[in-house]
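As numbered in UniProt numbering, residues 1 to 134 make up the sequence shown, in order.
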Amino acid sequence: MNTFYLRVISSNKIFFEGRVEKIILPLEDGEKAVLAHHENMVIATSIGEIRITTSKGEQVVGVVGEGFVQIVNNRVVLIVDSAEKPEDIDRVRAKEAKIRAEERLRQKESLKEYKQSEASLARALTRLKVTEKI
1 MNTFYLRVIS SNKIFFEGRV EKIILPLEDG EKAVLAHHEN MVIATSIGEI
51 RITTSKGEQV VGVVGEGFVQ IVNNRVVLIV DSAEKPEDID RVRAKEAKIR
101 AEERLRQKES LKEYKQSEAS LARALTRLKV TEKI
């Protein structure tokens, strides 16, 4: 079986560690699947959903913040500012965050504030999307 070692690290915990068949990562312009023996590279990742297929065929889903992934010698390390499992997400808080972010986007703001609001909205929408599946 073609597997590789994966470690997903967020700012406060190790979200996942072990052998996997595949991980699908969120990128600025879509998604990228990583399989065993992938070409070595470093890639920036975006706020979104990760989908992991373990070596036992189990599916692990998570919501991650921005970060980067390093792929070297059949070892993948994803470092992100946040990582959550769907069952750990509070849907009420996510809906409230979505509403706040949308309101901030409607107001006239500096470019920095706009980008922060845009990121908050992306996180809230991803949290809601992922939790709808469970």
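Just so you know, even glycine gets a beta-carbon here, dropped at the ideal spot from N, CA and C.
Assigned secondary structure, residue i (DSSP; H/G/I helix, E/B strand, else coil)
i, result
"Ala-97", "helix"
"Lys-13", "coil"
"Gln-116", "helix"
"Glu-49", "strand"
"Ala-36", "coil"
"Lys-85", "coil"
Cutoff 6 Å; reference residue i; Cβ partners in own chain excluding five residues on either side
i, result
"Arg-75", "Tyr-5"
"Ala-94", "Ala-124, Arg-127 and Leu-128"
"Glu-17", "Arg-7"
"Arg-51", "Ile-24 and Val-61"
Option nearest residue i by Cα separation, candidates the options
i, options, result
"Ile-23", "Lys-13, Asn-12, Ile-71 and Asp-29", "Ile-71"
"Leu-128", "Glu-87, Arg-104, Ser-110 and Gln-107", "Glu-87"
"Phe-68", "Ser-55, Val-60, Lys-56 and Ser-82", "Ser-82"
"Ser-46", "Ile-79, Gly-57 and Glu-28", "Glu-28"
"Val-130", "Glu-102, Arg-100, Glu-113 and Lys-85", "Lys-85"
"Ser-10", "Glu-109, Pro-26 and Val-77", "Val-77"
Close Cβ partners of residue i (< 7 Å) along its chain, the five nearest in sequence each way excluded
i, result
"Thr-53", "Val-20, Glu-21, Lys-22 and Gln-59"
Cβ distance (whole Å) where residue i is taken to contact residue j below 8 Å
i, j, result
"Glu-42", "Val-64", "Note on residue identity: the sequence assigns Val, not Glu, to residue 42. About 16 Å separates the two Cβ atoms, so there is no contact after all."
"Asn-2", "His-37", "7 Å"
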